[in-house]
Each structure stands twice: as C-alpha cells, then as structure tokens.
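Novice: Residue numbers (my numbering), protein chains in the order written: chain A, 1 to 269; chain B, 270 to 518. Beta carbons: idealized from backbone N, C-alpha and C, even for Gly.
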C-alpha cells in the first residue's frame with residue numbers, strides 16, 4: 001500500500017516536472033516580467049544593481065589587493081568573479097525560500113506544476129547574472145584576460161550549477177513554505193558562508209588545518225568550477241568531484257522531499 | 270469529453286499555530302521533552318476536516334451550483350475540482366481544459382501597459398505567448414480601452430482595470446469553468462455587455478460549477494445543485510430541492 005502510494009507520488013512528480021518543462025513559456029515569461037518590472041519602475045532598472053556591483057568591486061578590489069598583498073591586475077578579476085558569482089548563489093537561495101510563498105495566489109487558483117515556479121526563480125536570477133556579466137567582461141578586458149576565457153569549460157560548469165541550483169531552490173522553497181523561519185536562517189547562513197568561502201581570499205592562503213573550509217564546502221566547489229575557466233585556468237578535479245557529488249546529493253534529496261511534500265505545499269500556503 | 274469525477278474524497282487541513290510554523294520553535298519543542306504534548310495535539314496543532322467522503326460525478330452539460338453556509342467547504346471543493354488540492358483520501362479524475370475564474374486579475378502587473386497585461390494574463394490562463402498576443406485586438410475592442418492600452422495599468426481607474434481583466438479572462442472558452450461567486454465588471458453601460466459575454470461563455474462551456482450565496486444566480490445558470498454542510502454533501506439533486514433544504518436549515 002505504501003509502496004503503491006510512493007510509486008504514485010513518483011509518477012505525479014515526474015508529471016509535474018515534465019509539465020513545467022513543456023509549459024516553458026509560462027515561467028520564462030513570468031521570470032522575465034519580474035525583471036521587466038524593475039525596468040518599468042526606473043529607466044535603467046536592474047542596471048543600478050550592476051553599477052552598484054561595479055563600484056563595490058573596484059573599491060574593495062583596490063583595498064583587498066593591498067590587504068592580501070596581491071597585484072591589483074591579479075586580485076581585481078579574482079574578487080570580481082567571486083563577488084558576483086557568490087552573489088548569484090546567495091540570491092538564488094534567498095529567493096528560493098520564497099518560491100511558493102510568493103506564488104500562493106497562482107497555486108491556489110490553478111493546478112500549475114509546482115516546479116514551474118522553481119524554474120521561474122532560477123531563470124530570473126540567471127537574467128540578473130547576465131546583467132552583472134557585463135562587469136565581469138569589463139574587468140577581464142581591463143586585466144587583459146578576455147581572450148583567455150575557457151568558454152567550453154565555463155558553460156559546462158554553469159550547467160552543473162544551474163541544475164544544482166534548481167534542486168536547491170526546490171528544496172528550500174518547499175521547506176520554507178512549511179517552516180516560515182527558514183528564510184531568515186538561510187539569509188544569515190549565507191552571510192557567514194560569504195566569509196568561509198574563498199570569495200575574497202584565496203584558498204592557498206589558508207593554513208593546512210583550515211583547508212577543510214575549501215575541501216568540504218560545496219559553494220567553494222561551485223565557485224571554483226565557474227571562476228577558474230573565466231580566469232583562463234582549469235578548475236581542480238577535486239572541485240569538479242565535489243560539485244558533481246553535491247548535485248547528485250541535492251537531486252536525491254529533492255526527489256525524496258517532493259515525494260512527501262509536493263502535494264502538501266498547497267496546504268502549507 | 271470533459272468530466273469531473275471525485276470518488277469518496279476527504280480533505281484534511283493542517284492548521285499551523287505560530288509554534289508549529291517555525292522550525293526553530295519545533296526544535297525547541299522537542300528538546301524541552303514536550304514530545305507527548307506535540308503528539309497529542311498532532312504535529313500541526315489542529316487538523317480541520319474540510320471535506321469528508323465527498324463523491325461527485327459531473328459530465329458534459331452539467332451546470333452545478335454549490336450552496337451552503339460560510340465554511341461549508343464550497344471553495345475547498347472547487348479547489349479539488351481544479352486539481353489545486355490533492356485530497357488526503359479518495360481519487361480524482363479530471364478531463365478537459367480547466368479554468369477557474371476566482372481572481373480575474375491574477376498575474377496582472379499594474380506597472381505594465383494594458384497590452385502587456387493582456388499577454389501576461391493570457392499566459393497565466395495557460396495560453397502560449399503567441400495565442401495570448403492573438404487576443405489583443407478582440408480584447409481591445411471589447412474592453413473599449415482604446416489608446417489607454419498603451420499606458421500602464423496603474424493609470425487606470427478600478428473600473429477600467431476590471432474591464433481589462435474581465436475581457437481577457439472571458440476571451441478563452443474552457444471545457445470546465447469553475448467560479449467562486451459570480452464575476453462582474455464595470456459601470457452601468459459595461460455591465461449589460463459583460464453580462465451578455467459571460468452568459469455566452471457559460472453556455473459554451475461543457476461543465477460549469479459555481480459556488481454562490483445568491484439564489485437568483487444559482488436558479489438562473491444551474492440545472493443541478495450540491496448542498497454542502499460542514500464538509501459533507503447534505504443533498505445533491507435539483508436546484509429547487511437544494512435551495513429549499515438550505516433555507517430550512
């Protein structure tokens with residue numbers, strides 16, 4: 001009986017995901033409209049965020065290079081990529097917590113696939129990352145490293161991160177609908193993670209005893225596989241292994257959670 | 270062929286208290302060795318049985334009125350029929366393009382222009398972008414908004430906003446139409462026009478289910494009724510029987 005129920009839930013989950021992918025226009029358009037809304041309110045819209053990011057990166061990049069005694073041409077691109085990419089992870093998880101809570105009116109009126117709203121959040125954040133990519137390209141151009149970018153490796157890494165991120169958004173979205181204090185917990189954990197992840201410092205500056213911060217940190221692995229190819233280097237095998245392992249872990253967790261939670265999300269809203 | 274089959278369904282609602290809402294609270298509940306209390310109250314605090322052993326079978330041509338007091342389970346039943354609530358027990362079989370017109374403004378963005386909102390609203394109704402764009406001329410003509418459609422909806426009066434929402438929402442005829450109270454729109458001139466359009470829509474759909482406290486509406490549009498009371502079907506049958514029973518209670 002329980003087995004039958006699980007198989008049934010698995011089937012419904014598959015239907016949900018297939019339905020969301022088939023109805024791509026729905027989340028693509030809603031996600032786009034989330035960004036367009038910012039443009040409508042002020043002419044340059046989210047570009048404000050890009051300008052803000054650029055100013056911060058230049059300001060801290062100059063100071064950081066002094067602090068860590070690294071050449072500015074070397075440090076600024078490193079920090080710029082770290083800051084923007086980590087910001088992407090952080091936004092994704094923070095907004096991921098609100099995936100269903102903010103879609104309550106939709107979910108209560110029509111039986112939309114749940115995962116369509118996960119994809120909406122991921123897509124919206126990818127568009128914002130695209131805006132900030134202008135800063136990345138600008139900094140790499142300044143540092144004369146634009147031609148060194150390993151685009152192939154970067155795109156594969158981005159795919160891994162986006163798939164991983166989608167599972168994470170799904171997981172946090174469901175949990176935070178049930179437990180309304182999770183967004184606050186995630187926000188404060190991500191703030192701490194910013195300092196524990198090699199965003200502004202370099203992994204090789206750590207002592208041997210503190211290496212675990214990098215080795216056992218999936219965020220560090222995601223950051224590494226995305227950042228290295230853009231800097232024209234190749235990410236370590238260890239980072240790739242960790243990133244793939246984290247992806248697999250999240251996928252399994254997502255499926256197990258949704259077998260139980262998918263049909264309940266609407267009752268938690 | 271469109272149909273709605275609900276077989277012996279029950280819907281239970283967890284009702285969260287602020288204590289069970291927070292993960293941190295729940296962790297503390299356990300560490301304080303309050304397990305027994307938690308179990309006793311259920312993990313959720315309370316459970317409300319919103320619908321109990323409800324069986325409904327609707328086929329093409331059915332025009333069903335849901336009646337009953339506040340809290341009888343009308344909205345919950347509508348949400349089960351739309352597939353929003355998956356019941357805790359029993360089985361649901363649905364077939365046909367479904368549309369619930371409970372909130373006709375759902376998905377609209379007041380900062381976007383009227384035309385953009387036609388597309389947004391269309392996509393929220395389940396259309397593709399191309400299909401939604403194709404609605405523009407017809408909706409523009411019916412809503413009589415003319416050049417206003419180029420302006421952001423935030424500049425509209427509430428009546429104009431409603432006209433736009435109504436025009437898009439009624440532009441596509443579904444197989445199964447679910448309504449929680451009758452929708453209406455606008456000033457005196459528009460009301461009769463809107464009424465005619467809505468009547469046409471109601472005639473064209475294969476199955477209509479409308480929950481309403483207004484007897485006139487039930488009598489006018491429905492050929493069947495379901496009387497709900499505390500989550501149970503008290504009577505299902507002709508409109509007159511159900512209305513009579515409802516008045517008697």
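Please decide whether residue 439 of chain B counts as near chain A, where near means a Cβ-Cβ distance under 7 angstroms.
Specialist: Locating residue 439 of chain B in the second chain gives position 170, counting from the first residue. Judged by the 7 angstroms Cβ criterion, residue 439 of chain B is not in contact with chain A.
Novice: Give me the Cα-Cα distance between residue 125 of chain A and residue 30 of chain A, rounded to the nearest whole angstrom.
Specialist: Walking along the first chain from the start, residue 125 of chain A turns up at place 125. Walking along the first chain from the start, residue 30 of chain A turns up at place 30. Roughly 12 angstroms between the two C-alpha positions.
Novice: For residue 398 of chain B, which residues in chain A fall below 8 angstroms Cβ to Cβ?
Specialist: Position 129 of the second chain holds residue 398 of chain B. Those within 8 angstroms of residue 398 of chain B in chain A are 25 and 29.
Novice: Residue 392 of chain B touches chain A at which residues, Cβ-Cβ below 7 angstroms?
Specialist: Within the second chain, residue 392 of chain B is the residue found at index 123, counting from 1. Ordered by position in chain A, the residues that pass the 7 angstroms Cβ test against residue 392 of chain B are 25, 26 and 29.
Novice: With respect to the alpha helix (DSSP H) encompassing residue 77 of chain A, which residues constitute its N-terminal and C-terminal limits?
Specialist: What you label residue 77 of chain A is simply residue 77 of the first chain in a count that begins at 1. 72-96 is the span of the alpha helix (DSSP H), which, as asked, contains residue 77 of chain A.
Novice: Residues of chain A with CB under 8 angstroms from residue 443 of chain B, in chain order?
Specialist: Numbered from 1 along the second chain, position 174 holds the residue referred to as residue 443 of chain B. By Cβ distance, chain A contributes nothing, its closest Cβ being about 11 angstroms from residue 443 of chain B, past 8 angstroms.
Novice: Hey, how far is the Cα of residue 306 of chain B from the Cα of residue 281 of chain B?
Specialist: Reading the second chain from its first residue, position 37 is the one you call residue 306 of chain B. Reading the second chain from its first residue, position 12 is the one you call residue 281 of chain B. With a pLDDT of 32 at residue 306 of chain B, under the threshold of 50, the modelled position of that residue is not reliable, and no figure is offered here.
Novice: Taking the beta carbon of residue 83 of chain A as the centre, do at least 16 other beta carbons fall within 10 Å, making it buried, or is it exposed?
Specialist: The residue given as residue 83 of chain A occupies position 83 in the first chain. By the 10 Å Cβ count, residue 83 of chain A comes out buried.
Novice: Only counting the same chain, and skipping five residues up and downstream in sequence, which positions put a Cβ closer than 7 angstroms to that of residue 175 of chain A?
Specialist: In the first chain, counting from the first residue as 1, residue 175 of chain A sits at position 175. Same-chain partners within the cutoff: 182.
Novice: What does residue 114 of chain A reach in chain B if we use C-beta pairs closer than 9 angstroms?
Specialist: In the first chain, residue 114 of chain A corresponds to position 114, counting from 1. The contacting residues do not exist; residue 114 of chain A stays about 11 angstroms from chain B at best.
Novice: Alpha helix (DSSP H) containing residue 471 of chain B: first to last residue?
Specialist: The residue labelled residue 471 of chain B in the question sits at position 202 within the second chain. Start and end: 457-473.
Novice: If you reduce the DSSP assignment to three classes, tell me which class residue 307 of chain B lands in.
Specialist: Taking the first residue of the second chain as position 1, residue 307 of chain B is located at position 38. Caution applies to residue 307 of chain B, whose pLDDT of 35 falls short of 50 and renders its modelled position unreliable; the model cannot decide the point.
Novice: Does any residue of chain A bring its CB to less than 7 angstroms from the CB of residue 475 of chain B?
Specialist: Start at 1 with the first residue of the second chain, and residue 475 of chain B comes out as number 206. So, not an interface residue.
Novice: Confirm, please, whether the CB-CB distance from residue 436 of chain B to residue 412 of chain B is below 7 angstroms.
Specialist: By one-based count along the second chain, residue 412 of chain B stands at place 143. By one-based count along the second chain, residue 436 of chain B stands at place 167. Going by C-beta atoms, residue 412 of chain B is nearer than 7 angstroms to residue 436 of chain B.
Novice: Could you give the residue range of the alpha helix (DSSP H) that holds residue 283 of chain B?
Specialist: On the second chain, residue 283 of chain B is found 14 positions in, with the first residue counted as 1. Looking at the DSSP string, residue 283 of chain B is not in any alpha helix (DSSP H); the run it does join, the beta strand (DSSP E), is 272-284.
Novice: With H, G and I counted as helix, E and B as strand and the rest as coil, what does DSSP make of residue 193 of chain A?
Specialist: Taking the first chain and counting its residues from 1, the one referred to as residue 193 of chain A is at position 193. Helix.
Novice: If you follow the alpha helix (DSSP H) that residue 499 of chain B is part of, which residue opens it and which one closes it?
Specialist: For the purposes of this step, residue 499 of chain B is taken as residue 230 along the second chain, with counting starting at 1. Residue 499 of chain B -> no alpha helix (DSSP H), and no H or E assigned at all.
Novice: Tell me whether the stretch 90-106 of chain A and the stretch 62-78 of chain A touch, counting them as touching only if at least three CB pairs, one residue from each stretch, are closer than 8 angstroms.
Specialist: no
Novice: Using CA coordinates, which residue listed in A:226, A:114, A:110 and A:94 is at the minimum distance from residue 100 of chain A?
Specialist: Along the first chain, one-based indexing puts residue 100 of chain A at 100. Looking at the Cα atoms, A:114 is the closest of the given residues.
Novice: Look at the alpha carbon of residue 496 of chain B and the alpha carbon of residue 360 of chain B, and state the distance between them as a whole number of angstroms.
Specialist: As a first step, residue 496 of chain B is located in the second chain; it is residue number 227 there, counting from the start. As a first step, residue 360 of chain B is located in the second chain; it is residue number 91 there, counting from the start. Approximately 21 angstroms, taken between the alpha carbons.
Novice: Could you check what DSSP says for residue 221 of chain B in three-state terms: helix, strand or coil?
Specialist: Because chain B is modelled from 270 through 518, residue 221 of chain B falls outside the range shown and cannot be assessed.
Novice: Which of the residues in the stretch 347-358 of chain B, read from start to end, lie with their CB under 8 angstroms from any CB of chain A?
Specialist: Cβ contacts with chain A: 348, 351, 352, 353, 354 and 355.
Novice: Taking the beta carbon of residue 473 of chain B as the centre, do at least 16 other beta carbons fall within 10 Å, making it buried, or is it exposed?
Specialist: By 1-based counting over the second chain, the position of residue 473 of chain B is 204. The residue is exposed, with fewer than 16 neighbouring Cβ atoms inside 10 Å.
Novice: Taking the straight line between their C-alpha atoms, what separation do you get for residue 71 of chain A and residue 36 of chain A?
Specialist: What you label residue 71 of chain A is simply residue 71 of the first chain in a count that begins at 1. What you label residue 36 of chain A is simply residue 36 of the first chain in a count that begins at 1. Taking the straight line joining both Cα atoms gives about 39 angstroms.
Novice: So, is residue 459 of chain B buried or exposed, given that buried needs 16 or more other C-beta atoms within 10 angstroms?
Specialist: To locate residue 459 of chain B, count along the second chain from 1; it is residue 190. Answer is buried; the Cβ neighbour count reaches 16.
Novice: Using a beta-carbon distance below 7 angstroms, is residue 109 of chain A in contact with chain C?
Specialist: No chain C is part of this structure, whose protein chains are labelled A and B.
Novice: Count the other CB atoms, across all protein chains shown, that sit within 10 Å of the CB of residue 249 of chain A; report buried if there are 16 or more and exposed otherwise.
Specialist: Numbered from 1 along the first chain, position 249 holds the residue referred to as residue 249 of chain A. That one is exposed.
Novice: Since residue 177 of chain A is in the alpha helix (DSSP H), which residue starts that stretch and which ends it?
Specialist: Sequence index remark: in the first chain, residue 177 of chain A carries index 177 (1-based). Per DSSP, residue 177 of chain A belongs to the alpha helix (DSSP H) from 151-178.
Novice: Can you tell me the Cα-Cα spacing of residue 309 of chain B and residue 44 of chain A, whole angstroms?
Specialist: Here residue 309 of chain B refers to the residue found at position 40 when the second chain is read from its first residue. Here residue 44 of chain A refers to the residue found at position 44 when the first chain is read from its first residue. Low local confidence applies: a pLDDT of 39 at residue 309 of chain B is under 50, so the model's placement there is unreliable, with the coordinate-based value given in what follows. Distance between the alpha carbons of residue 309 of chain B and residue 44 of chain A is about 56 angstroms.
Novice: Using a cut-off of 9 angstroms between C-beta atoms, extract the partners of residue 60 of chain A located in chain B.
Specialist: Residue 60 of chain A sits at position 60 when you count from the first residue of the first chain. For the C-beta of residue 60 of chain A, not a single chain B residue is nearer than 9 angstroms; the gap to the nearest is close to 33 angstroms.
Novice: Could you tell me which residues DSSP pairs with residue 449 of chain B in its beta bridges?
Specialist: Taking the first residue of the second chain as 1, we reach residue 449 of chain B at position 180. Answer is B:480.
Novice: To the nearest angstrom, how far is it from the Cα of residue 366 of chain B to the Cα of residue 200 of chain A?
Specialist: The residue you call residue 366 of chain B lines up with position 97 of the second chain. The residue you call residue 200 of chain A lines up with position 200 of the first chain. In a straight line, the C-alpha of residue 366 of chain B is about 53 angstroms away from that of residue 200 of chain A.
Novice: Taking buried to mean at least 16 other C-beta atoms within 10 Å of its own C-beta, is residue 500 of chain B buried or exposed?
Specialist: For the purposes of this step, residue 500 of chain B is taken as the residue at position 231 of the second chain. Of the residues assessed, residue 500 of chain B falls on the buried side of the cut-off, its CB having 16 or more other CB atoms within 10 angstroms.
Novice: Roughly how many angstroms separate the alpha carbons of residue 169 of chain A and residue 504 of chain B, rounded to a whole number?
Specialist: Here residue 169 of chain A is taken as the residue at index 169 of the first chain, counted from 1. Here residue 504 of chain B is taken as the residue at index 235 of the second chain, counted from 1. Roughly 45 angstroms between the two C-alpha positions.
Novice: Going by DSSP, which residues form a beta bridge with residue 367 of chain B?
Specialist: Translated into positions along the second chain, residue 367 of chain B becomes position 98. Residue 367 of chain B pairs with B:445.
Novice: With 16 as the cutoff for other CB atoms within 10 Å, does residue 424 of chain B come out buried or exposed?
Specialist: Here residue 424 of chain B is taken as the residue at index 155 of the second chain, counted from 1. Classification for residue 424 of chain B: exposed.
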